[in-house]
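Working notes, structure below.
Chains as they are written, first to last, in this note's numbering: chain A, 312 to 934; chain B, 2 to 352.
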């Protein structure tokens, strides 16, 4: 029988029951491999349930550092009888099945092209523990112990991890170590199998950190100076607000008085949460909300008001599968148009497109600056794949000299000195007017904010010329924004090429890997990773200097391509769609296959087959 | 009549308050509402109340939703910042504004359509949270700007101008405010300025969520016979339970009252509410008694007005959250940003 053999390059998937405590055991497993110096990228795959139903954790181990989802499973840890059949079917031929052999499983339930490893996990656990909850929790640690021997992960690494996790909780440390050891001992004394998948010490993690995009975004809001947060719980964004609370409790409580330098409101709905953010922004506090697609839909009226009344607002949209309730626990990049053009009438909004937790941190902090500077809503467009999974990324950095850009706020002194104040007047030529905050001056600078049209001095007016002045100034402001937002990142191919690819956000790690796969097929592409909308001129130049440009995105309707065509009047034939939208994170295999498929046969080196097609991803969706 | 500029001059003998302003300094632009609209009387009462309270106009932020009532903040306190938000959502915007700067006074102006129909959820939740504000609903039971449709506060059996009888039960905002935890609840009538001005003063001085439902007849669409929100109907059925005076600090009682009929209530900040009870058995500190009293009288077709409930020591959302006394919108990086060293430690914990 074929055996998959690989050192430090494989995919292992845990099939669990949610609410069973498997999440922390699985994370422990992933972290242990990281501590061996080998990069991992885990992904939670969890239907919208809380307890008793299936959940998966897929870990890609890759010494080479590929952090995108690979597709295909080399080893399945099958802990959930409900999903057994589908889980077993997913294993690549020659792969491995690890299961709890306490109760006999009929031979027909196994595959003869897969190596089977049975460990009586329940029995081991039940022999040592009598409390049902302990039996359950330690069973998870026992399988981590068993796997660690099979895959060659050092026990010392776990010791250190437990010591860090249970610092000052000696009992817990000891009991976890004991359970881990039970799993290790059982495998050593009972099994004589060699698993072809092995972890060996390497030095490829460096100083990178392992964190999720949602808590990184929350941290960015703390560093960026947000003081008011209003939100309504919605998957997959809730942990942004919860992490903001946690970091504020840690960093923003006055030690002397106990007073809090923040206010967080869990509002009654998304309409109220965006309303509070608008009110706080109007009144000069940095404020944000975090939500997902359905929340954006509810917020659009207020987003239009904030655009037209010119109020700083920061929104973190952790995208999930739409439309409607859609796929609440699956990932997509399908809110681009909903956000870029949110609300009725002619509107344009700034989108920031982070690729990983580090950029979630940086862009959230920057969004607060941009919102103040541009006096408009700024969207941080992350997604479930970045938001709710831990990802290896460069460490967070902050310059202590960095000041907050509060934008054009006219002070009492300036008003007193007789400086002309027209709330909606373009005095600097950049389309951005000056504003005053409530309470600034006893007699000067007050104005009435409204969503109805007005003249440059904020006086109600439905006159056509006043309306046009305002709408054209808003467009001018939007053009100003293009040069303030994070610039796109260019990645030049190793050899000159007429092919280009545009991508953004969580597609990034899969794209990085696809570049290499495609190069092996003789296909070289220049890459442009968009980091924001509106697009600066360099994006137009990139499109114009390549004969064909692939636009890779995770939605059905090619929403980014639509924005590009709209921005530059590009010939649609010039921009080739590469779309992945089944709810699973995009893979390098999918991108490579799709691009090869869309190239004339002569473009790829003859004799080389296309990489494995989108099969695994599709299978995943069915499971 | 917006093309007419309001003359800035005023009579030289016009009184000046303690902060140096005349009553005219509290005015705004000329109203664009219909002549005789109850809302204009409420604007006048707000002007009077702020002048009497010696409030500097720019220390007030006035927020509203959408509708006739919500247009009015343009017609008073011209030196204050105002915000005409979206329909039914003033409470959330006011909440956010209040969180940003706890030092300003917040005036929320809304209507019955704005608060009882489209904005009922936001109204209810702002009351629950105890946001410090004076929330005034200018209640006429009808949609004015869209020409005469019933609103959710129209009484069952009342007749529209076109002759339609309303078959739906009304939403009672006062009852809801009482149930949901508002700590200052009153009802006024735009036609009774003498009662309304002190109610507004008390609401502005209150330490928590203050709500006033002001019956404010719509002369264009809801002032006919058969309406329960007309001037005539309210005048005939008005049952005041109390008259109040509000004083920022204790002062001597100069008017003679029958013994025992006047109660002084000290508020959280030392200000005084002097209450003259018109119904001797009525206790304004009993939330649920207020509710049943009001409902009993409503069943008899009476409109109960006056201060209906007061928790004099009420505090607000900031107190509940223990937010910094210094307004959040004044804090800079030194107070808000944990800095690079903290970040390095955090990085270390994520490896």
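By construction, the Cβ of each residue, glycine as well, lies at the ideal position given by its N, Cα and C atoms.
| Asked | Found |
| --- | --- |
| Apart from the five residues just before and just after residue 460 of chain A, which ones in its own chain have a Cβ nearer than 7 Å to its Cβ? | 495, 498 and 499 |
| How would you write the range of the alpha helix (DSSP H) that residue 542 of chain A sits in, first residue to last? | Element bounds for residue 542 of chain A: not the alpha helix (DSSP H) but the beta strand (DSSP E), 539-542. |
| Excluding sequence positions up to five away, which residues of its chain have a Cβ less than 8 Å from the Cβ of residue 630 of chain A? | 603, 604, 642, 643, 644, 645, 646, 692, 693, 694 and 695 |
| Looking only at DSSP bridge pairs, what is residue 523 of chain A linked to? | A:701 |
| Listing by chain order, which chain A residues have their CB less than 7 Å from the CB of residue 338 of chain B? | 534 and 536 |
| Would DSSP call residue 358 of chain A helix, strand or coil? | coil |
| Residues in the same chain with beta-carbon distance under 8 Å from residue 932 of chain A, minus the five sequence neighbours each way, listed in chain order, please. | With a pLDDT of 30 at residue 932 of chain A, under the threshold of 50, the modelled position of this residue cannot be trusted; read the value that follows with caution. Hits under 8 Å: 893, 894 and 895. |
| Which residues of chain A have a Cβ atom closer than 9 Å to the Cβ of residue 134 of chain B, listed in chain order? | Within 9 Å Cβ-Cβ: nothing; residue 134 of chain B doesn't reach chain A, min ~11 Å. |
| In chain order, what residues of the same chain lie with their CB nearer than 8 Å to the CB of residue 408 of chain A, ignoring the 5 residues before and after it? | 386, 387, 389, 399, 402, 421, 422, 425, 426, 427 and 428 |
| What are the start and end residues of the alpha helix (DSSP H) that includes residue 340 of chain B? | 340-350 |
| By DSSP, does residue 386 of chain A sit in helix, in strand, or in coil? | strand |
| Just grab the DSSP bridge partners of residue 810 of chain A for me. | A:859 |
| Assuming residue 575 of chain A contacts residue 613 of chain A under a Cβ cut-off of 8 Å, what Cβ separation, rounded to an integer in Å, is found between them? | Contact flag wrong, Cβ pair sits at about 19 Å. |
| Thinking just about the alpha-carbon of each residue, which of A:493, A:570 and A:430 is nearest to the one in residue 504 of chain A? | A:430 |
| Residues of chain B with a CB under 9 Å from the CB of residue 572 of chain A: which are they? | 324, 325, 327, 329, 332, 336 and 337 |
| Cβ of residue 357 of chain A less than 8 Å from any chain B Cβ? | no |
| What does a CB cutoff of less than 7 Å around residue 924 of chain A pick up in its chain, not counting 5 residues either side in sequence? | Interpretation of residue 924 of chain A is limited by its pLDDT of 38, a score under 50 that renders its predicted location unreliable; the figure taken from the coordinates is listed afterwards. If we look at residue 924 of chain A and ignore the five residues flanking it on each side, its Cβ neighbours are 904. |
| Residue ranges of each alpha helix (DSSP H) run of no fewer than 4 residues wholly in the segment 548-591 of chain A, ordered along the chain? | 549-562 |
| Name the residue from B:222, B:279 and B:94 whose alpha carbon lies nearest to the alpha carbon of residue 578 of chain A. | B:94 |
| Which of the three DSSP states, helix, strand or coil, is assigned to residue 130 of chain B? | helix |
| Can you pull out the residues from the segment 82-101 of chain B whose beta carbon lies closer than 9 Å to at least one beta carbon of chain A? | 82, 83, 84, 85, 86, 87, 88, 89, 90, 91, 92, 93, 94, 95, 96, 97, 98, 99, 100 and 101 |
| Leaving out five residues on either side along the sequence, give the residues of the same chain with a beta carbon under 6 Å from the beta carbon of residue 736 of chain A. | 744 and 767 |
| Please work out which residues of its chain come closer than 6 Å, Cβ to Cβ, to residue 228 of chain B, disregarding the five sequence neighbours upstream and downstream, and give them in chain order. | 159 |
| Below 8 Å CB to CB, which residues in the same chain sit around residue 862 of chain A once its five sequence neighbours on both sides are set aside? | 812, 813, 814, 869, 871, 872, 875, 886, 887, 888 and 889 |
| The ligand HEM and residue 312 of chain A: does the residue's C-beta get closer than 7 Å to at least one heavy atom of that ligand? | You won't find the ligand HEM in this model; it holds no ligand whatsoever. |
| Excluding sequence positions up to five away, which residues of its chain have a Cβ less than 6 Å from the Cβ of residue 384 of chain A? | 322, 324, 401 and 402 |
| For residue 593 of chain A versus residue 760 of chain A, is the C-beta spacing smaller than 8 Å? | yes |
| How many Å lie between residue 136 of chain B and residue 111 of chain B at the Cα? | 8 Å |
| Can you grab the Cα-Cα spacing for the pair residue 438 of chain A / residue 825 of chain A, in whole Å? | 48 Å |
| Taking the alpha carbon of residue 556 of chain A as the point to measure from, which residue in A:544, A:540, A:650 and A:636 has its own alpha carbon closest? | A:540 |
| Per DSSP, what kind of secondary structure is residue 324 of chain B in: helix, strand or coil? | strand |
| Excluding five sequence neighbours on each side, which residues of the same chain lie with their C-beta closer than 7 Å to the C-beta of residue 290 of chain B? | 284 |
| May I ask you to report which of helix, strand or coil DSSP gives residue 314 of chain A? | coil |
| Taking the beta strand (DSSP E) that residue 888 of chain A falls in, what are its first and last residues? | 886-890 |
| What does the Cβ neighbour count give for residue 210 of chain B, buried or exposed, with the cut at 16 atoms within 10 Å? | buried |
| Would residue 370 of chain B and residue 753 of chain A be called neighbours here (beta carbons separated by less than 8 Å)? | Residue 370 of chain B is absent from the structure shown; chain B starts at 2 and stops at 352. |
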